[in-house]
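Residues 13 to 221 (the working numbering) are what the sequence shown spells out, left to right. Have a look at the structure below before the remarks.
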Amino acid sequence: MTSQCHSVQRRGRPAPNRVGEADLLRAARECVLTNGVRRTTLTDIARRAGVSRMTLYRRFPDVDSLVTALMTVEFSEILQLASAEHATGTARHRLVTATVHGVRLLQSAPLLQRVLDTDAELLLPYLVDRFGSTQLAAEGFLREYLVQGHADGSIRRADPAVQARALLLLVQSFVISTGPAASGIDPTALTAELTRLLDAALRPEASHA
Numbered sequence: 013m014t015s016q017c018h019s020v021q022r023r024g025r026p027a028p029n030r031v032g033e034a035d036l037l038r039a040a041r042e043c044v045l046t047n048g049v050r051r052t053t054l055t056d057i058a059r060r061a062g063v064s065r066m067t068l069y070r071r072f073p074d075v076d077s078l079v080t081a082l083m084t085v086e087f088s089e090i091l092q093l094a095s096a097e098h099a100t101g102t103a104r105h106r107l108v109t110a111t112v113h114g115v116r117l118l119q120s121a122p123l124l125q126r127v128l129d130t131d132a133e134l135l136l137p138y139l140v141d142r143f144g145s146t147q148l149a150a151e152g153f154l155r156e157y158l159v160q161g162h163a164d165g166s167i168r169r170a171d172p173a174v175q176a177r178a179l180l181l182l183v184q185s186f187v188i189s190t191g192p193a194a195s196g197i198d199p200t201a202l203t204a205e206l207t208r209l210l211d212a213a214l215r216p217e218a219s220h221a
């Protein structure tokens, strides 16, 4: 099979020690966006990055490990952007605002949407078998806000680990199933409903408010 991901290098490969991980991940991202995960090979990525396949293999043994590293980096950046969104008010307000903003960012993230469009089966193990590093990072992100909300009284008290896990299960459905879920429904209204769901689930009971 002839790859559609062609090298843009025309002046020879840079010295291997000058190609950092960020360059390799950038090349992997370009190839996945062009071909999808299944049709991307280490040879494609090495050619795009301007390094030998062996140089790439010494850092990443297969495409899956490269894509996992790439998704982890991009997801971490999205969490940082989400947490910076209107970082004022009670912990409950900050959690709801940051979470909904993060969902919007993920729903429009080119890499994730490419995976969902062409290789969605790759996500199945993380939905039915085990949690991945990005899910655990999201859970930790939620748990921090929950602990702060317990402290300032804006979030209903419960085991933060259980609350974070329940919120993760809710929120990831809005990310993974956004395509079919938005069919025939105003996406803005759906996001607004998520905001209400989160706020209602976290609001302290009247007797403890």
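Glycine included, each C-beta is placed from N, C-alpha and C at the ideal position.
{"Query": "A103, buried or exposed, once every other Cβ within 10 Å from all chains shown has been counted against 16", "Result": "buried"}
{"Query": "Endpoints, alpha helix (DSSP H) assigned at R71", "Result": "R65 to R71"}
{"Query": "Contact the segment 120-140 vs the segment 42-57: 3+ CB pairs below 8 Å", "Result": "yes"}
{"Query": "Backbone CA spacing between A81 and I57 [nearest angstrom]", "Result": "14 Å"}
{"Query": "Given Q119 as reference, the closest of H105, Y157, P192 and D211 once Cα atoms are compared", "Result": "P192"}
{"Query": "L54 vs L68 beta-carbon contact at 8 Å", "Result": "yes"}
{"Query": "Nearest-angstrom Cβ-Cβ length linking L117 and I90, presumed shorter than 8 Å", "Result": "5 Å"}
{"Query": "Three-state class that DSSP yields for A193 in the structure shown", "Result": "helix"}
{"Query": "Given A113 as reference, the closest of G196, T203 and A213 once Cα atoms are compared", "Result": "Sequence check: residue 113 is His here, not Ala. For the residues G196, T203 and A213, the minimum Cα distance to H113 belongs to T203."}
{"Query": "Beta carbon of T84 nearer than 8 Å to that of E97", "Result": "no"}
{"Query": "Through-space distance from E156 to D164, alpha-carbon basis", "Result": "13 Å"}
{"Query": "Option in L107, L148, R169 and A176 with minimal Cα separation from R208", "Result": "L107"}
{"Query": "Member of R71, R59, R38 and T111 whose CA lies at the smallest distance from the CA of Q184", "Result": "T111"}
{"Query": "Spatially closest choice to L124 from V79, L182 and R142, by CA coordinates", "Result": "V79"}
{"Query": "Reference L93; option with closest CA among A150, D211, L181 and I167", "Result": "A150"}
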